[in-house]
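Q: Quick one: structure below, then a few questions.
Protein chains in written order, with our numbering: chain G, 79 to 647; chain D, 79 to 647.
Written out as structure tokens, the structure is:
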């Protein structure tokens, strides 16, 4: 490929809005360009990377016997309605209505549709287990697309779906995908760790995410210092011992005057008590309009994902003034005692006496005891934090790191087949529901995460197995007949050996060419220059190292082929 | 691939609604399945065919130097509005609005967006010419999806876009794509002819379609008996000589009573005059609400595509009763004289006197002369028909055949760059608009058209280069240990030679297996049976012929590899 004709222009400076190193380099190196917020085009360089990432994913799916297929982007509402996800996914999806009034979703994922196909294609246990997968565009109406390809509104996902006869079969399929994911991310150069995760809108209880730890990630991961416990904060729990005194002997609640003290911080300052002496009470409205109060220890934050899960809803919002009035609560002074809404009580709330809002302006109650003075449904709705005790080994301390979720796997079991009555004829002749799981990898997010974790201050340093080209041949200067002739002969010889070459044939200075080569990050740079040719040599320089190697022109292609052949595939 | 685990079940009978042989076979052989009207999933067998078709297209695009990229499915309204196509395409596209109220189209095509990228990436003439392409899902809100994959609501199109410095450059790029299309369709086994076509919603004047002539096609193609003139009826014209007497001496129009005579057929029967003695006047409403009358010779039908083109509109509808009243017309008795709307006069209307509606109930006028009694804008808005004289050689007669449009190419020039102010710096330092063309191939439609033109009464007969597998190995019976062992050893040996094998390991009868093999249509069937093994042989049978060949088991893999190696790629 001649660089003079490459569709895609490198940029000296990234646009000011670029938020992370990977975002900046992705734009500067002409990997992708936005068409609108969160909608990206792969330019030819990035397209090549994306295809290599896709091919690695494909090979590892095929290796475990998964079959590739392709379901459409537009999916009919009726089927989503069978599982209740038409409603649930409303806040984060794109919908369209045809000219006959029929509704469709720009597909968010394909569980419903693959179950529909399974009902038609898989009739007996003899055909199981099965895993099918496809690469397809997904729509997500993200209100805040961010950081380039890390959070977008349309992206290609590889989604795979397993069908088994029973839970034991599902566990095998899940393990096979888990293994495929480990190999897949390793092959594309990503150091991804698996963490327990929330099942979100997918149903079921068991799920893992594959996270690449990097500070540009927006996920927060709790990691135990002692054992192998790793969990997304949307799912992470902590070991708790109720160290608060029992309620025995705590006097009945009494009102205290707290004028102008509308936050935990203000209470802490004014009453000189630690934050966990207070109850934090928050009022939320779920997707169906139901209003609930959530009660937490004063030093804890609500975890929205856990709360959504507890409420089985797709979205929670802070309640309105009208909701406060209806609940008999006053903003800044809300508390669980006497509240006219359902109450959820976080597991962190202990048995002792707390100070809580009195539901009257400028007043709180002291000596509020759970179970005695208010009741509520126990939930886990709070964030864990740095230093909490590991829920698994009960010894280690949790640290919180940032990560990018590049893949996720869900063992949802019969969640969809029950709702859709998707069944097969079992060995005993009865109809049984398929036991399933789904397995996703975001292709574009993987590409940018590779950049986030493989770059230096000059540009991208592609792992060879996903690099857009193997070799970057630089002719200096290109208007020297001999240089050009020798460079082009070398390019042809390399291409004959199936080596992918970007050939910088532009009439630019050495400075511009080398800077672009560093920016684009092709693993091996080969310089054919007037000076080198005097010694009948060309210069090789790996992008990932600073040492150069002079090789005789005659043997250059063979030497380069050796180097390329030594790379991981 | 073991057939017992193939995701996709062959059907003995096609669903009753299947409309064409290819539609029936595509469903019966488990190539694709509908999720809803016009929305299809590629099952694994069909997916493999689709990928091979895609790869042929890709190789021929790469051969002419086109670069692959990928633009998104969702496209922002603002950009469509710059060219006026947001409005124009409304009737046939899917739209969505995000939660912030911003509008998007499920992309119909990508001219606007590739121009946007060209403006950013291509700055000077030195970077031109360029061709870029992608494979991407398109949405079309077809009110009448038909015949399986022939007319759908979502499909993957390869669309390529060329950018040149001038018209001469465009002509070269157009010719390069034209050549690539000829090779592409030939390689996928399609006998596609190029025909002149309407530019439709694409703009510009020059366009060709690649049509495969088959009676299941819904396009109608005029083909000259004498020269190389071939045109879609949406574009085709005819040679006309005005054989009607001049208006000299035709008396002024006079009214005749024609009670209950509301159609050309009725007039013909009652007045005993040929149809071309009458004028047919039709009232239409375009997308913007503008009402026009179209006047044609009584023996001609209006061609909606030509009319849309003449009106520069995306849609025409028959006018309403209110429109008739406003125009001063009466249904069944409408005529051009005195009509209160703009009038378009088809080129077929000659200079003589006609009988036309009098715009009064039960009355017509005779001796109506164009130019004297009514005026109108001349247009070409009528269908050509079998037997018309060729407009090119003026000698041959046109015949009308049916075809499936598998590809189309458009030379739209500066249509988009003018509207979007997309320019580059020319050699003389001035800014000049890109001169462009676009080039589409429907992947799914190509696959089904291959089936439409490659089958017999037993099933599909895939051209080897697009077949889902090269070889279909049949074990008979599979529960015989020796048969199974020998069959599996042969499959492994073939796969080692990179031959793609579907292995029928199902516990089914010979009848079922052979019928499925014929239905699925893999080019070479290899039967490993108890009987054949007695002679240490296996039976080879090409799907496209009835003769079989017995080959020694020991040399079978080599013999099969020879056969597979002899096929076109």
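Beta carbons: idealized from backbone N, C-alpha and C, even for Gly.
Just the chain G side, please: which residues come within less than 7 angstroms of residue 384(D) by C-beta, in chain order?
A: Those within 7 angstroms of residue 384(D) in chain G number zero; the least Cβ separation is about 23 angstroms.
Q: Who pairs with residue 623(D) in a beta bridge, going by DSSP?
A: Per DSSP, none; premise fails for residue 623(D).
Q: Report the residue from 410(G), 425(G), 371(G), 384(G) whose alpha carbon sits nearest the alpha carbon of residue 416(G).
A: Nearest C-alpha to residue 416(G): 371(G).
Q: I want to see whether chain D comes within less than 8 angstroms of residue 510(G), judged by CB atoms only; does it?
A: Residue 510(G) does not count as touching chain D.
Q: CB-CB under 7 angstroms to residue 151(D), same chain, minus the five flanking residues each way: which ones, in chain order?
A: Excluding residues within five positions, the ones whose Cβ falls inside 7 angstroms are 184, 185, 214, 215.
Q: Residues in its own chain within less than 7 angstroms of residue 456(G) by CB, not counting five upstream and five downstream?
A: Only 423, 425 meet the Cβ criterion.
Q: Would you check if the stretch 123 to 130 of chain D and the stretch 240 to 248 of chain D touch, i.e. whether three or more CB-CB distances between them fall below 8 angstroms?
A: The answer is no - the stretch 123 to 130 of chain D does not touch the stretch 240 to 248 of chain D, with fewer than three Cβ pairs under 8 angstroms.
Q: Only counting the same chain, and skipping five residues up and downstream in sequence, which positions put a Cβ closer than 6 angstroms to that of residue 383(D)?
A: Correct list, in chain order: 276, 312.
Q: Which residue's Cα is closest to the Cα of residue 147(D): 188(D), 333(D), 349(D)?
A: If we check each option's Cα against that of residue 147(D), 188(D) comes out closest.
Q: If you follow the alpha helix (DSSP H) that residue 610(G) is in, where does it begin and where does it stop?
A: First-last of the alpha helix (DSSP H) with residue 610(G): 608 to 612.
Q: Starting from the beta carbon of residue 377(D), find every residue of chain G whose beta carbon is closer than 9 angstroms, and list them in chain order.
A: Within chain G, no residue comes near residue 377(D); the closest Cβ sits about 34 angstroms away, beyond 9 angstroms.
Q: Tell me which residues share the same chain as residue 157(G) and place their Cβ nearer than 7 angstroms to its Cβ, disregarding the 5 neighbours each side in the sequence.
A: 190, 191, 194.
Q: Report the rounded CA-to-CA distance for residue 438(G) versus residue 394(G), giving the unit in angstroms.
A: C-alpha separation (whole angstroms): 25 angstroms.
Q: Would DSSP call residue 240(G) helix, strand or coil?
A: Residue state, collapsed to three classes: strand.
Q: Please list the residues of the stretch 111 to 124 of chain D that have a C-beta atom closer than 7 angstroms to any C-beta atom in chain G, keeping them in chain order.
A: Against chain G - using a Cβ distance shorter than 7 angstroms - the residues of the stretch 111 to 124 of chain D are 111, 113, 114, 117, 118, 119, 120, 121, 122.
Q: Is it buried or exposed, residue 305(G), if we count other Cβ atoms within 10 angstroms and call 16 or more buried?
A: With fewer than 16 Cβ atoms within 10 Å of its Cβ, residue 305(G) is classed as exposed.
Q: Across which residues does DSSP place residue 149(G) in a beta bridge pair?
A: Paired residue(s): none; residue 149(G) is not in a bridge.
Q: Since residue 194(G) meets chain D, which of its residues come closer than 8 angstroms, beta carbon to beta carbon?
A: Result: 113.
Q: Count the CB pairs spanning the stretch 547 to 556 of chain D and the stretch 601 to 608 of chain D that are closer than 8 angstroms, and state whether there are at least three.
A: Cβ pair count under 8 angstroms is three or more, so yes.
Q: Between residue 221(D) and chain G, is the shortest Cβ-Cβ distance under 8 angstroms, so that the two count as touching?
A: It does: the Cβ of residue 221(D) has a partner Cβ on chain G nearer than 8 angstroms.
Q: Is residue 575(D) helix, strand or coil when you go by DSSP?
A: Three-state result, residue 575(D): coil.
Q: Got a sec: which bits of the stretch 128 to 159 of chain G sit with their beta carbon under 9 angstroms from any beta carbon on chain D, in order along the chain?
A: The residues in question are 128, 129, 143, 145, 146, 147, 148, 149, 150, 151, 152, 153, 154, 156, 157.
Q: Out of 250(G), 472(G), 113(G), which has the shortest C-alpha to C-alpha gap to residue 154(D)?
A: The residue with the shortest Cα to Cα distance from residue 154(D) is 113(G).
Q: Hey, is the stretch 134 to 148 of chain G in contact with the stretch 87 to 99 of chain D, meaning 3+ C-beta pairs nearer than 8 angstroms?
A: Verdict: no, contact absent.
Q: Does the stretch 333 to 343 of chain D come close enough to the stretch 441 to 453 of chain D to have 3 or more Cβ pairs within less than 8 angstroms?
A: Touching, per the Cβ criterion.
Q: Is there a Cβ of chain G sitting closer than 8 angstroms to that of residue 213(D), yes or no?
A: With 8 angstroms as the cut-off, residue 213(D) does not count as an interface residue toward chain G.
Q: Measure the C-alpha to C-alpha separation of residue 451(G) and residue 433(G) and round it to an integer number of angstroms.
A: Their Cα atoms are separated by approximately 12 angstroms.
Q: Per DSSP, which one or two residues make a beta bridge with residue 310(G)?
A: 299(G), per the DSSP bridge assignment.
Q: Output, in sequence order along the chain, the residues in the stretch 439 to 451 of chain D whose CB is closer than 8 angstroms to any CB in chain G.
A: Going along the stretch 439 to 451 of chain D in chain order, one finds no residue with a Cβ nearer than 8 angstroms to chain G.
Q: To the nearest angstrom, how far is it from the Cα of residue 165(G) to the Cα of residue 232(G)?
A: Between residue 165(G) and residue 232(G), the C-alpha separation is close to 20 angstroms.
Q: Quick one: which residues of the stretch 95 to 109 of chain D get their C-beta closer than 8 angstroms to a C-beta of chain G? List them in chain order.
A: So the close ones are 108.
Q: Taking C-alpha atoms, which residue in 410(G), 175(G), 209(G), 172(G) lies nearest to residue 142(G)?
A: Comparing Cα-Cα distances from residue 142(G) to each of 410(G), 175(G), 209(G), 172(G), the minimum goes to 209(G).
Q: Establish whether the CB of residue 240(D) and some CB of chain G are separated by less than 8 angstroms.
A: It does not; no Cβ of chain G falls within 8 angstroms.
Q: Between residue 551(D) and residue 565(D), which are expected to be in contact by the criterion C-beta below 8 angstroms, what is the C-beta distance as a whole number of angstroms?
A: Yes, residue 551(D) and residue 565(D) are in contact; Cβ-Cβ is about 6 angstroms, under 8 angstroms.
Q: Indicate whether at least one CB of chain G lies closer than 8 angstroms to the CB of residue 174(D).
A: Interface residue, yes.
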